[in-house]
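Novice:
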Amino acid sequence: MSAGLLLNATICFAITISSFAFAWVLARSYPEHNDKSKPALWSLIALWSLVGLTYLPTTIRMIAAYMGDQRLDLMLYYVTAIPFSFVTVPLVFFILYVIIGDQKISGYISFLFVLFGATYLAFFYSSGVLGPVITPLSSLFTINSDIAINIYLIGLFVIPTAMIIGLLTLILLQRMPKRLRYRTALPLVAISFVFDFMLTDMITLDDAMQLAARIFVLIGTVQAFLAYFPPMTLQEKLGIKRYEYNLYEKEEDEEDTDLDNEDEEEADIIV
Amino acid sequence: MSEEIDVRLEQEVAEFYQSLGIHQGPGDIQYRLILKVLSKNEGKITEFSEIREYTDKFADKGSIGSKMKTVFQLEGLAEKVKRGGYIITDKGITASNFLKDTTNFYKKNKRIGEIIERMP
Numbered sequence: 001m002s003a004g005l006l007l008n009a010t011i012c013f014a015i016t017i018s019s020f021a022f023a024w025v026l027a028r029s030y031p032e033h034n035d036k037s038k039p040a041l042w043s044l045i046a047l048w049s050l051v052g053l054t055y056l057p058t059t060i061r062m063i064a065a066y067m068g069d070q071r072l073d074l075m076l077y078y079v080t081a082i083p084f085s086f087v088t089v090p091l092v093f094f095i096l097y098v099i100i101g102d103q104k105i106s107g108y109i110s111f112l113f114v115l116f117g118a119t120y121l122a123f124f125y126s127s128g129v130l131g132p133v134i135t136p137l138s139s140l141f142t143i144n145s146d147i148a149i150n151i152y153l154i155g156l157f158v159i160p161t162a163m164i165i166g167l168l169t170l171i172l173l174q175r176m177p178k179r180l181r182y183r184t185a186l187p188l189v190a191i192s193f194v195f196d197f198m199l200t201d202m203i204t205l206d207d208a209m210q211l212a213a214r215i216f217v218l219i220g221t222v223q224a225f226l227a228y229f230p231p232m233t234l235q236e237k238l239g240i241k242r243y244e245y246n247l248y249e250k251e252e253d254e255e256d257t258d259l260d261n262e263d264e265e266e267a268d269i270i271v
Numbered sequence: 001m002s003e004e005i006d007v008r009l010e011q012e013v014a015e016f017y018q019s020l021g022i023h024q025g026p027g028d029i030q031y032r033l034i035l036k037v038l039s040k041n042e043g044k045i046t047e048f049s050e051i052r053e054y055t056d057k058f059a060d061k062g063s064i065g066s067k068m069k070t071v072f073q074l075e076g077l078a079e080k081v082k083r084g085g086y087i088i089t090d091k092g093i094t095a096s097n098f099l100k101d102t103t104n105f106y107k108k109n110k111r112i113g114e115i116i117e118r119m120p
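So the sequence lines, in the order shown, correspond to chains A and B.
Start counting the first sequence at 1; every next residue gets the next number (full-length UniProt numbering).
Start counting the second sequence at 1; every next residue gets the next number (full-length UniProt numbering).
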């Protein structure tokens with residue numbers, strides 16, 4: 001029973017807590033958003049909740065592996081597959097809604113990804129898995145279905161990743177204020193980070209790679225936090241800090257007098 | 001070049017440029033419409049009455065006539081070839097192409113603005 005498994009469990013727990021906390025913070029900020037951004041906000045809340053729901057059973061699974069309980073490990077692996085298969089649904093909805101702005105079309109297309117997820121699960125459960133193989137760092141399973149892996153790679157990985165990259169490129173190619181660029185591009189980078197490394201985590205057969213992928217998922221979650229709530233030092237460094245100011249209101253006469261005085265002063269200097 | 005002139009879009013674009021503090025050229029609905037009509041009739045004579053079909057909603061005959069004289073004829077964007085008949089010059093076509101770019105900029109800016117608005 002290795003301490004590496006406990007480290008793995010700790011990382012999974014950190015991901016769980018931070019994603020749930022982020023989803024909660026987003027949900028709490030609901031009244032501050034306008035009607036147009038609310039559907040995208042809900043999809044983000046669903047996305048981060050699903051990330052949390054994927055890593056919560058994974059945390060317990062790592063502890064079960066540490067304790068040597070293979071039956072619980074296997075059972076929780078099956079449970080983990082459910083939220084994981086549907087992570088793409090809110091993600092696809094979010095990207096499509098932000099780009100085209102039509103809730104219905106985005107809803108229909110993301111429903112296709114519900115079907116992808118369900119098909120993946122059907123093949124996954126019917127073929128079963130091989131394992132677990134307990135290593136000093138992790139507990140690994142092998143999916144026993146090539147079709148499930150293909151659906152997973154094409155439907156759940158390639159298409160949504162291409163969508164994120166497309167939206168990111170669209171935003172990065174535009175000239176816009178730094179603050180807006182940061183506010184729109186960083187959440188996408190964070191989502192892409194989390195999403196891609198979650199998929200790596202699920203498919204890899206290398207324990208070190210899995211641990212590294214989980215660390216990157218955690219980094220991605222932190223990035224998402226920074227995107228929405230950047231600390232003051234980061235804002236100052238990136239030049240995205242909103243300058244706090246009050247409007248300067250002065251009587252016109254006073255202003256004219258000031259200008260006259262300035263002219264006089266300048267004249268004095270020239271003389 | 002027989003493209004339709006979308007008066008409502010031209011008005012929207014002009015208002016957008018006005019909101020940026022640009023009240024002349026791309027921000028002037030009269031200028032936009034006159035140039036659109038002239039470029040639509042490239043190589044042909046544009047009748048003053050045809051220009052007025054589009055501009056009557058926004059300005060009276062006098063101010064359009066004055067704009068033709070003080071901007072289009074003076075700057076060489078159009079030439080008067082008969083009473084109430086104008087023809088667009090090469091310089092006028094350049095101005096018209098610039099106007100198309102301003103419309104594209106407006107559309108692109110609007111699309112990105114909407115995307116940002118939908119981002120939570």
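All residues carry an ideal CB built from backbone N, CA and C; glycine is no exception.
Everything numeric in this text was worked out from a predicted model, so none of it was measured.
(1) Can you find a C-beta in chain B that's less than 7 Å from the C-beta of A/A185?
(2) What residue from B/L38, B/K44, B/G43, B/A78 has the CA that sits closest to B/E53's CA?
(3) Helix, strand or coil: which one does DSSP assign to A/T135?
(4) Which stretch, first to last residue, makes up the beta strand (DSSP E) that contains residue 274 of chain A?
(5) Compare the beta carbon distance of A/P160 and A/V92 with 7 Å and say whether it is the shorter of the two.
(6) Measuring straight from C-alpha to C-alpha, what distance separates A/I60 and A/S110?
(7) With a threshold of 7 Å on Cβ separation, who are the neighbours of B/M1 within its own chain once the five nearest residues in sequence on each side are excluded?
(8) Whole-angstrom Cβ separation of A/M67 and A/C12, contact assumed at under 8 Å?
(9) Could you please give me the residues that DSSP links to B/K82 through a beta bridge?
(10) Kindly indicate if chain B contains any beta-carbon less than 7 Å away from that of A/S37.
(11) Inspect the CB distances between the stretch 35-54 of chain A and the stretch 69-78 of chain A and report whether three or more fall short of 8 Å.
(12) Let me know the secondary structure DSSP gives A/V271 once reduced to three states.
(13) What is the C-beta distance between A/F113 and A/S145, in whole angstroms, given that I count them as a contact (C-beta under 8 Å)?
(14) Taking the alpha carbon of A/D35 as the reference point, which residue from A/Y243, A/Q103, A/N246 has its own alpha carbon closest?
(15) Distance, Cα to Cα, B/I88 vs B/A78?
(16) Between the Cα of A/F22 and the Cα atoms of A/Q235, A/S192, A/L50, which residue gives the shortest distance?
(17) Measure the alpha-carbon distance for B/Y31 versus A/L168 and round it to whole angstroms.
(18) Under 9 Å Cβ-Cβ, which residues of chain B neighbour residue 278 of chain A?
(19) Does the stretch 123-140 of chain A come close enough to the stretch 206-213 of chain A that 3 or more CB-CB pairs lie under 8 Å?
(20) Near A/G128, which residues of its chain fall below 6 Å by C-beta distance, leaving aside the five closest residues on each side in sequence?
(21) Cβ atoms of B/F48 and B/G84: under 7 Å apart, would you say?
(22) Which residues mark the beginning and the end of the alpha helix (DSSP H) in which B/T70 is found?
(23) In chain B, which residues lie less than 7 Å from A/L41 when you measure between Cβ atoms?
(24) Quick one: Cα of A/L234 to Cα of A/L96, how far?
(25) Shorter than 7 Å from the beta carbon of B/E53 to some beta carbon of chain A?
(26) Taking the alpha-carbon positions, what's the A/G131 to A/Y77 distance?
(27) Any C-beta of chain A sitting closer than 7 Å to the C-beta of B/E12?
(28) What's the C-alpha gap between A/L226 and B/K100?
(29) Excluding the 5 residues flanking A/L26 on each side, which residues of the same chain have their C-beta closer than 8 Å to its C-beta?
(30) With a threshold of 7 Å between beta-carbons, can A/V98 be considered close to chain B, or not?
(31) Check whether the Cβ of B/I22 lies closer than 7 Å to any Cβ atom in chain A.
(32) Per DSSP, what kind of secondary structure is A/L76 in: helix, strand or coil?
(33) Check whether the Cβ atoms of A/S85 and A/G52 lie closer than 7 Å to each other.
(34) Helix or strand or just coil, what does DSSP make of A/F141?
Specialist: If we stick to the structure as given:
(1) Position 185 of the first sequence, counting from 1, holds the residue named residue 185 of chain A. Taking Cβ atoms only, chain B never reaches closer than 7 Å to A/A185, which makes this a no.
(2) The count along the second sequence starts at 1 and reaches residue 53 of chain B at position 53. Residue B/L38 is the option with its Cα nearest to B/E53.
(3) To locate residue 135 of chain A, count along the first sequence from 1; it is residue 135. Reduced to three states, the DSSP call for A/T135 is coil.
(4) Since the first residue shown for chain A is 1 and the last is 271, residue 274 of chain A is missing from the structure and cannot be characterised.
(5) Residue 160 of chain A sits at position 160 when you count from the first residue of the first sequence. Residue 92 of chain A sits at position 92 when you count from the first residue of the first sequence. Taking 7 Å as the Cβ cut-off, A/P160 and A/V92 qualify as a contacting pair.
(6) Here residue 60 of chain A corresponds to residue number 60 of the first sequence, with the count starting at 1. Here residue 110 of chain A corresponds to residue number 110 of the first sequence, with the count starting at 1. Cα to Cα, A/I60 sits roughly 30 Å from A/S110.
(7) If you number the second sequence from 1, residue 1 of chain B lands on position 1. Low confidence applies here, because B/M1 scores a pLDDT of 47, under 50, leaving its location unreliable and the question unanswered by this model.
(8) If you number the first sequence from 1, residue 67 of chain A lands on position 67. If you number the first sequence from 1, residue 12 of chain A lands on position 12. The pair is not a contact, with the Cβ atoms about 15 Å apart (cut-off 8 Å).
(9) Taking the second sequence and counting its residues from 1, the one referred to as residue 82 of chain B is at position 82. Paired residues: B/G85.
(10) Locating residue 37 of chain A in the first sequence gives position 37, where the first residue counts as 1. Yes, A/S37 counts as interfacial toward chain B.
(11) no
(12) For the purposes of this step, residue 271 of chain A is identified with residue 271 of the first sequence, where counting begins at 1. Bear in mind that a pLDDT of 44 at A/V271, under 50, signals an unreliable position, so the number given afterwards is only what the model happens to contain. DSSP places A/V271 in coil when its eight states are reduced to three.
(13) Translated into the one-based positions of the first sequence, residue 113 of chain A becomes position 113. Translated into the one-based positions of the first sequence, residue 145 of chain A becomes position 145. Rounded, the Cβ-Cβ distance is 19 Å, inconsistent with contact.
(14) Within the first sequence, residue 35 of chain A is the residue found at index 35, counting from 1. Cα-wise, what sits closest to A/D35 is A/Q103.
(15) Taking the first residue of the second sequence as position 1, residue 88 of chain B is located at position 88. Taking the first residue of the second sequence as position 1, residue 78 of chain B is located at position 78. Their Cα atoms are separated by approximately 4 Å.
(16) What you label residue 22 of chain A is simply residue 22 of the first sequence in a count that begins at 1. The shortest Cα separation from A/F22 among A/Q235, A/S192, A/L50 belongs to A/L50.
(17) Residue mapping note: residue 31 of chain B aligns to position 31 of the second sequence, counting from 1. Residue mapping note: residue 168 of chain A aligns to position 168 of the first sequence, counting from 1. Their backbone Cα atoms lie some 37 Å apart in a straight line.
(18) Since the first residue shown for chain A is 1 and the last is 271, residue 278 of chain A is missing from the structure and cannot be characterised.
(19) yes
(20) Position 128 of the first sequence, counted from the first residue, corresponds to residue 128 of chain A. Cβ neighbours of A/G128 beyond the five flanking positions: N144.
(21) Translated into positions along the second sequence, residue 84 of chain B becomes position 84. Translated into positions along the second sequence, residue 48 of chain B becomes position 48. For B/G84 and B/F48, yes; Cβs fall inside 7 Å.
(22) Position 70 of the second sequence, counting from 1, holds the residue named residue 70 of chain B. Per DSSP, B/T70 belongs to no alpha helix (DSSP H) and is neither H nor E.
(23) The residue labelled residue 41 of chain A in the question sits at position 41 within the first sequence. Ordered by position in chain B, the residues that pass the 7 Å Cβ test against A/L41 are P120.
(24) Locating residue 234 of chain A in the first sequence gives position 234, where the first residue counts as 1. Locating residue 96 of chain A in the first sequence gives position 96, where the first residue counts as 1. Distance between the alpha carbons of A/L234 and A/L96 is about 30 Å.
(25) Taking the second sequence and counting its residues from 1, one reaches residue 53 of chain B at position 53. So, not an interface residue.
(26) Against the first sequence, residue 131 of chain A aligns to sequence position 131. Against the first sequence, residue 77 of chain A aligns to sequence position 77. Those two C-alpha atoms are separated by around 10 Å.
(27) Your numbering for residue 12 of chain B matches position 12 in the second sequence. Closer than 7 Å: no.
(28) For the purposes of this step, residue 226 of chain A is taken as residue 226 along the first sequence, with counting starting at 1. For the purposes of this step, residue 100 of chain B is taken as residue 100 along the second sequence, with counting starting at 1. Pairing A/L226 with B/K100, the inter-Cα distance amounts to about 40 Å.
(29) Counting from one through the first sequence, the residue named residue 26 of chain A turns up at place 26. Closer than 8 Å at the Cβ level, and outside the excluded window around A/L26, lie L41, L44, I45, W48, Y228.
(30) One-based indexing of the first sequence puts residue 98 of chain A at position 98. Output row for A/V98: interface = yes.
(31) Taking the first residue of the second sequence as 1, we reach residue 22 of chain B at position 22. No - not a single Cβ of chain A is within 7 Å of the one on B/I22.
(32) Stepping through the first sequence from its first residue, residue 76 of chain A is reached at position 76. Three-state DSSP puts A/L76 in a helix.
(33) What you label residue 85 of chain A is simply residue 85 of the first sequence in a count that begins at 1. What you label residue 52 of chain A is simply residue 52 of the first sequence in a count that begins at 1. For A/S85 and A/G52, no; Cβs fall outside 7 Å.
(34) The count along the first sequence starts at 1 and reaches residue 141 of chain A at position 141. Reduced to three states, the DSSP call for A/F141 is strand.
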